[in-house]
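**Q** Taking our numbering as reference, the numbering of the sequence shown is continuous, increasing by one, and the terminal residue is 205. Glycine included, C-beta positions come from ideal geometry on N, C-alpha and C. Please find one structure pasted underneath; my questions will follow.
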Amino acid sequence: MASHTNATGPGLHFLGSALGDQLVTLFIGNKRRKFVVHKSLLHEDFFNKIFAAGASHGNTMHLPEEDPDAFSLFVDWIYRSNVPTSNDNARLHLRNLLGLYVLADKMSLSTLKDKVIDVVQETCSSNHLLDFIVEESFVAKAISILPLESQMYDFISWWLAYHIVSKAIEDHDIFDQGY
């Protein structure tokens, strides 16, 4: 039987040993949806502040203000380095992606924020939902939770402006009138 130490070279690490054996139980949202994750995968700055602030008991913490569905996407990302592009309900998935973006912003995870924007664009394109992100309910949700200076806010604002101008051109045949 081959030894794992012989198989590892400089810079080569196995996932199992990198994860460690310390688990954290997180209760997310008001209904306290339970997640058990490896502590080594959690963003240290963000979660250490929570542990230090006393919002935890041992290896258990409750984050009532976080969205459980968005946090589920976060767990996917920390374990798989992947954010799914769609699911059975792409409209609901887009709303959850907004929550994931906000969570990534709180944690200062710029790589995840960039990935979420990419996935929003992919999900909208592949499900023909580009018009959905300009619907009043989606825009209202985005405005209520996104930081004003965020790239996601800029993206939604740009798409909304583009949609309004395109609709105005279409409705008034501006080009046919010589303008």
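1) Can the beta-carbon of residue 120 be found less than 8 Å from the beta-carbon of residue 181?
2) What is the DSSP secondary structure of residue 57, counted as helix, strand or coil?
3) Looking at the strands, I want to know which residues DSSP matches up with residue 145.
4) By how many angstroms is the C-alpha of residue 190 removed from the C-alpha of residue 96?
5) Which runs of the alpha helix (DSSP H) at least 4 residues long sit entirely within the stretch 109-164? Give them in chain order.
6) Which word fits residue 188, buried or exposed, when buried means at least 16 other C-beta atoms lie within 10 angstroms of its C-beta?
7) Would residue 212 and residue 126 qualify as a contact pair, given that the criterion is a beta-carbon distance under 8 Å?
8) Give a single yes or no on whether residue 197 has its beta carbon closer than 7 Å to a heavy atom of the ligand NAP.
9) Which residue or residues does DSSP assign as beta-bridge partners of residue 63?
10) Residue range of the alpha helix (DSSP H) that residue 89 falls in?
11) What distance in whole Å lies between the Cβ atoms of residue 55 and residue 110, which are believed to be in contact at a cut-off of 8 Å?
12) Rounded to a whole number of angstroms, what is the C-alpha to C-alpha distance between residue 45 and residue 65?
13) Return the residue from the list 148, 63 and 165 that minimises the CA-CA distance to residue 183.
14) Helix, strand or coil: which one does DSSP assign to residue 95?
15) Under the three-state reduction of DSSP, which class applies to residue 107: helix, strand or coil?
16) Which residue from 53, 186 and 118 puts its Cα closest to that of residue 162?
17) In three-state terms, what does DSSP make of residue 69?
18) Between the Cα of residue 114 and those of 57, 47, 153 and 51, spot the shortest distance and give me the residue it belongs to.
19) Which of the three DSSP states is assigned to residue 174 in this structure?
**A** Taking the geometry as given:
1) What you label residue 120 is simply residue 94 of the sequence shown in a count that begins at 1. What you label residue 181 is simply residue 155 of the sequence shown in a count that begins at 1. With contacts defined as CB atoms closer than 8 Å, residue 120 and residue 181 fail to qualify as a contacting pair.
2) Indexing the sequence shown from 1 puts residue 57 at position 31. Residue 57 falls in the coil class under three-state DSSP.
3) The residue you call residue 145 lines up with position 119 of the sequence shown. Beta-bridge analysis with DSSP links residue 145 to no other residue.
4) Against the sequence shown, residue 96 aligns to sequence position 70. Against the sequence shown, residue 190 aligns to sequence position 164. Spanning the two alpha carbons is a distance of roughly 29 Å.
5) 116-132 and 136-152
6) On the sequence shown, residue 188 is found 162 positions in, with the first residue counted as 1. Exposed: under 16 other Cβ atoms inside 10 Å.
7) This structure cannot settle anything about residue 212, because the visible part of the chain is limited to 27 through 205.
8) No copy of the ligand NAP appears in this structure; indeed no ligand is present at all.
9) To locate residue 63, count along the sequence shown from 1; it is residue 37. According to DSSP, residue 63 bridges with 50.
10) Working through the sequence shown from its first residue, we reach residue 89 at position 63. Taken as a continuous stretch (DSSP letters only), residue 89 belongs to no alpha helix (DSSP H), being part of the beta strand (DSSP E) at 86-89.
11) The residue given as residue 110 occupies position 84 in the sequence shown. The residue given as residue 55 occupies position 29 in the sequence shown. Contact flag wrong, Cβ pair sits at about 20 Å.
12) Within the sequence shown, the letter at position 19 stands for residue 45. Within the sequence shown, the letter at position 39 stands for residue 65. Their Cα atoms are separated by approximately 8 Å.
13) As a first step, residue 183 must be located in the sequence shown, where it is residue number 157. The candidate whose alpha carbon is nearest that of residue 183 is 165.
14) Along the sequence shown, read from residue 1 onward, the residue named residue 95 stands at position 69. Three-state result, residue 95: helix.
15) Numbered from its first residue, the sequence shown carries residue 107 at position 81. Three-state DSSP puts residue 107 in coil, outside helix and strand.
16) Residue numbering aside, residue 162 sits at position 136 when the sequence shown is read from its first letter. Taking only the C-alpha atoms, the option nearest residue 162 is 186.
17) Position 43 of the sequence shown holds residue 69. Note: residue 69 maps to coil in three-state DSSP.
18) Locating residue 114 in the sequence shown gives position 88, where the first residue counts as 1. Checking every option, the nearest Cα to that of residue 114 belongs to 153.
19) Start at 1 with the first residue of the sequence shown, and residue 174 comes out as number 148. DSSP places residue 174 in coil when its eight states are reduced to three.
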